[in-house]
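Notes for the one structure printed next.
There are 2 protein chains.
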Amino acid sequence: MDVIEELGNYSVDISKTIEEELSCIVPNNLQEASIYLTKAGGKMLRPALTLITSEAVGGSRDNSLKSAAAIELIHTFSLIHDDIMDDDDMRRGKPAVHKVWDENVAILAGDTLFSKAFEIIMNSDPEKNTPTQLSQTLATVADACVKICEGQASDMSFEDRYDVSEEEYLDMIFKKTGALIAAASKAGAIMGGANQEVIDAMYDYGRLIGLAFQIQDDYLDLASDEETLGKPIGSDIAKGKMTIIAIKALAASEGEDNKKLLEILKDDNNSQEDIDVALDLFNKYGAIEYAKNVALENVTSAKKLLEILPDSESKQMLFDLADFVLERHS
Amino acid sequence: MDVIEELGNYSVDISKTIEEELSCIVPNNLQEASIYLTKAGGKMLRPALTLITSEAVGGSRDNSLKSAAAIELIHTFSLIHDDIMDDDDMRRGKPAVHKVWDENVAILAGDTLFSKAFEIIMNSDPEKNTPTQLSQTLATVADACVKICEGQASDMSFEDRYDVSEEEYLDMIFKKTGALIAAASKAGAIMGGANQEVIDAMYDYGRLIGLAFQIQDDYLDLASDEETLGKPIGSDIAKGKMTIIAIKALAASEGEDNKKLLEILKDDNNSQEDIDVALDLFNKYGAIEYAKNVALENVTSAKKLLEILPDSESKQMLFDLADFVLERHS
């Protein structure tokens, strides 16, 4: 089956809910800037995960639709603010919000989506969700938001550091990427009426595939091809980014190899030759294979957690989504 | 009595709660940037209002302490982001967050406080607050956050407009300033266990004193003296700001007077003489007196709403706070 196609089935309902909820924002330019990126063709992985999990624990799609939309808005808010901070001009193949409008409007559009997300969860149908479910979901989303900020701050603080440990790296990507994916599956479990044991398992499932998702990103930067990836191979090396692969290779190498690798990572003007040397060193010390294995272990553990659920089409979707994280090429 | 001194009694508990809740933020520089402005000696008007209202409806200070802290963090978040957008270098007599650190850290510190605010409300003692109270408070705060963003966007959109109506202006200041003050008193009423009628009255009380607060700001810009105000008299005229006073004078004047006033407001390089001419025109058309009266009417209406409460020291504090809005000189 085609996971992207299946996600598309869910994304119709999510997009409709988001559009409805954002349609009352005034003034107009704030509404447009807030809506813009939500219509730019994202995969809607996170909100779909919420809906699928809700179904998988025996709830309905309706129970968690508002929470799903809210989680997508939190994701969009973080993309808008991250693009300002990272000075990224493009997002989802379109100019970033701060390029179409300006930084002030982009800050405000992000803040608005953030606020709306919490408002939308509160607008969940009280006949479908108990106040306790609402509170638990809000706490889950708020916790993920704090972690997203902390993760982004850590990521920024790694920029001039070349002694980042694997533990620090994993903590950073859990906060920056994993926490919201974990919140997405947990929110689905809560709103779908699962018990605490299942809710906790669904959080861990999301956390593990979130980690694998980010590690796969690091892997694809080296293992994909430029056309598929939409950016040059080895761009993380050129930027001197401390990925799990760079961290592993630095930790495993000594002497000249270690010195050379550090030199390339610190250099702001790498040649293609430099990047190839770094790639060879990554391979020599098994760092690429290592990253691939860590991602695979996370996905395997995530799938094992699904054993707690009764068999269903939705459960199968959660399996397939976990596999998809490693199968994707871009 | 001295209202500022009374607020000080409440601010000790609030500051302690804020400090505790923010102490676990990592990495360090994000924690420092997030805490910085909360320790810069704000009046803590909003969170004190939450505590006082909670007491006034028969609840305890403990019931609403977390919500009060959260509301102060929402206020602080909006100040940090506003200062970036308005390019204001100073806040509470200290360099703004984006000046001490940089814009990226300031965006992220604001986002962190925003996230923490929602998390803190969820951390309220479940033995003191029901899930329904928590949900209602969260909905109130989320609604205020959306309005703050909308109000800031409106305010920015007014910058090149000289045809802003009084209605548009009042809507803008309600969203930008009134909504969070209204949320503060409403949250206190909810957490203190008030019935819906009292909750609604307390929201309106906050809304009205919030409007009066902002109108008094416009008034003080012209009626105070430079030393007390800490900035030159007539700075809103120099900036061409559409305050209620400028809007009234433009609406009431015709011919040469109207033309002259418009000219001064549009001019980016006003002389002291220009500002004096505008001041004379404001007086000639009764615009300053008009603003003073609108503020007074709001405060009078706000105090009338307090009749729904049983007599108590806390009720008296709410009266005094309403009066203080007009009595303050800076």
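Chains C and P, in that order, give the protein sequences. Adding 1 to a residue's 1-based position in the first sequence gives its number in our numbering. Adding 1 to a residue's 1-based position in the second sequence gives its number in our numbering. Backbone N, C-alpha and C define an ideal beta-carbon position, used for all residues, glycine too. Small disclaimer: the values here were computed from a predicted structure and weren't measured.
Enclosing alpha helix (DSSP H) for residue i [first to last residue]
i                        : result
arginine 62 (chain P)    : 62–86
proline 48 (chain P)     : 46–57
isoleucine 309 (chain P) : Here isoleucine 309 (chain P) belongs to no alpha helix (DSSP H), and DSSP marks it neither H nor E.
leucine 38 (chain P)     : From DSSP, leucine 38 (chain P) is part of no alpha helix (DSSP H); its letter is neither H nor E.
tyrosine 170 (chain C)   : 167–174
glutamate 21 (chain P)   : 4–23
aspartate 156 (chain C)  : 132–158
glutamate 128 (chain P)  : From DSSP, glutamate 128 (chain P) is part of no alpha helix (DSSP H); its letter is neither H nor E.
alanine 100 (chain C)    : Looking at the sequence shown, residue 100 (chain C) is not alanine but lysine. 98–101 is the span of the alpha helix (DSSP H), which, as asked, contains lysine 100 (chain C).
asparagine 284 (chain C) : 273–285
Buried/exposed call for residue i, threshold 16 Cβ in 10 Å
i                        : result
proline 48 (chain P)     : buried
methionine 203 (chain C) : buried
serine 24 (chain P)      : exposed
aspartate 83 (chain C)   : buried
asparagine 29 (chain C)  : exposed
glutamine 153 (chain C)  : buried
glutamate 120 (chain P)  : buried
lysine 232 (chain C)     : exposed
arginine 93 (chain P)    : exposed
glutamate 73 (chain C)   : buried
serine 186 (chain C)     : buried
serine 125 (chain C)     : buried
methionine 192 (chain P) : buried
valine 13 (chain P)      : exposed
asparagine 299 (chain C) : buried
asparagine 270 (chain C) : exposed
lysine 249 (chain P)     : buried
lysine 17 (chain C)      : exposed
serine 331 (chain C)     : exposed
serine 166 (chain C)     : exposed
threonine 301 (chain C)  : exposed
serine 116 (chain C)     : buried
methionine 91 (chain C)  : exposed
asparagine 284 (chain P) : exposed
serine 254 (chain C)     : buried
Residue-chain proximity (residue i, chain P), Cβ-Cβ < 8 Å
i                           : result
phenylalanine 119 (chain C) : yes
aspartate 1 (chain C)       : Residue 1 (chain C) lies beyond the range of chain C shown here (2 to 331); nothing can be said about it.
valine 98 (chain C)         : no
histidine 76 (chain C)      : no
leucine 23 (chain C)        : no
leucine 263 (chain C)       : no
phenylalanine 115 (chain C) : yes
methionine 86 (chain C)     : yes
isoleucine 108 (chain C)    : yes
valine 147 (chain C)        : yes
Neighbour flag for residue i against chain C, beta carbons, 8 Å
i                        : result
alanine 154 (chain P)    : yes
threonine 133 (chain P)  : yes
alanine 140 (chain P)    : yes
isoleucine 182 (chain P) : no
proline 28 (chain P)     : yes
serine 166 (chain P)     : no
asparagine 64 (chain P)  : no
Other residues of its chain near residue i: CB distance less than 8 Å, five sequence neighbours each side excluded
i                        : result
glutamine 217 (chain C)  : Ala296, Val326, Leu327, Arg329
aspartate 144 (chain C)  : Ala180, Ala184
methionine 157 (chain C) : Met86
leucine 263 (chain P)    : Tyr163, Leu251
isoleucine 122 (chain P) : Lys67, Ser68, Ala71, Leu135, Thr138, Leu139, Val142
threonine 178 (chain P)  : Gly152, Gly211, Leu212, Phe214, Gln215
Residue i at chain D interface by Cβ criterion, 8 Å
i                       : result
aspartate 205 (chain C) : Absent here is chain D; the protein component of the structure consists of chains C and P.
Own chain partners of residue i with C-beta closer than 7 Å, once the 5 adjacent residues on each side are dropped
i                       : result
alanine 57 (chain C)    : Leu310, Ser313, Ser315, Lys316, Leu319
isoleucine 26 (chain P) : Gln32, Ser35, Thr113
glycine 43 (chain P)    : Arg93
methionine 45 (chain C) : Leu8, Tyr11, Ser12, Ile15, Glu73
glutamate 104 (chain C) : Ile85
Spatial neighbours of residue i in its chain, beta-carbon cut-off 6 Å, leaving aside the 5 residues before and after
i                        : result
lysine 176 (chain P)     : Lys148, Glu151, Gly152
tryptophan 102 (chain C) : Ala34
alanine 195 (chain C)    : Val58
aspartate 237 (chain C)  : Asp222, Thr244
What are the complete alpha helix (DSSP H) segments, minimum 4 residues, inside the segment 185–267 of chain C? 197–224, 227–230, 236–240, 245–253, 256–267
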